[in-house]
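When you number the sequence shown by my numbering, it's gap-free, plus one each residue, and the end is 227. No residue lacks a Cβ here, since even glycine has one placed at the ideal position from N, Cα and C.
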Amino acid sequence: MDTTTLAAFLAVDLLLVFTPGADWAYAISAGLRDRSVVPAVAGLVAGYAGYTLLAVAGLVVIVASSPTVLTALTVAGAGYLVWLGWGVLRGPAVLAASDEAMGSSRAQVMLKGVGISGLNPKALLLYFSLFPQFIDTADGWPVAAQTGLLGTLHMTACALVYLAVGVLARTVLKTRPSAARAVTRASGAMMIVIGGFLLVERLAV
23 MDTTTLAAFL AVDLLLVFTP GADWAYAISA GLRDRSVVPA VAGLVAGYAG
73 YTLLAVAGLV VIVASSPTVL TALTVAGAGY LVWLGWGVLR GPAVLAASDE
123 AMGSSRAQVM LKGVGISGLN PKALLLYFSL FPQFIDTADG WPVAAQTGLL
173 GTLHMTACAL VYLAVGVLAR TVLKTRPSAA RAVTRASGAM MIVIGGFLLV
223 ERLAV
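Laid out in structure tokens, this is it:
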């Protein structure tokens, strides 16, 4: 895959990862309650590893069997970005740590993280609607290899961002809640712009 495609994917992917959601809430809760946020983040990333394996298998079949399905998924992914961005703008999340007690062991904390990311419907749409936009069937790389690389980049981005969120949770939440809200609104606006651009570009082909 060429560096331009990877850079474009990372730009969109990081925008999604930086948008507060269930993963953020869990990382924040771990940062406020546990000595280490690593088990919680490891669990979240493990959940996405499962989705990566599904995408590697599923996208190969989709691309090989029907270019029309691939186009439909691409349009759905662009539309999803616009919809998610609009939702963020209408109701920017107010981040707060959960009052629910964390698991007493590292294993319990990690397993809960797997459940949170693995059962997140947004992850399914991300992998099967967004990824196809960056898969090039004419590329020398097999589709499975391209999908695996995109999945690895996403998991790496999640790990880095969620670790930072957990470590900085106390300072950000208790001293700058308004700044967190402003970042959320900016992310929503950018998602609408990017999603609209991708949608227009795909429909114009």
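Item                                                                                          : Value
Terminal residues of the alpha helix (DSSP H) in which D45 lies                               : 44–55
C-beta contact flag for G53 and A191 at 9 Å                                                   : yes
Per-residue burial, V59 [other beta carbons within 10 Å of its own, 16 or more giving buried] : buried
7 Å CB neighbourhood of L171 in its chain, flanking five on each side removed                 : M23
Residues near P61 in its chain [Cβ-Cβ closer than 7 Å; skip 5 each side]                      : R128, V131, M132
Inter-residue spacing [alpha-carbon to alpha-carbon] between G101 and D158                    : 20 Å
Closest Cα partner of I50 within the set G173, T169, A186                                     : A186
Proximity to Y73 [Cα-Cα], best of A29, S151, M213                                             : S151
Alpha carbon of A181 to alpha carbon of T90, nearest angstrom                                 : 34 Å
Rounded C-alpha distance that separates K134 from G65                                         : 7 Å
Separation of L141 from R203, as counted between CA atoms                                     : 26 Å
Of the listed residues I138, G109, L148, D161, nearest to V97 (C-alpha basis)                 : L148
Per-residue DSSP class, three states only, for R198                                           : coil
L103 versus A211 - alpha carbon distance                                                      : 10 Å
Three-state secondary structure (DSSP) of M23                                                 : coil
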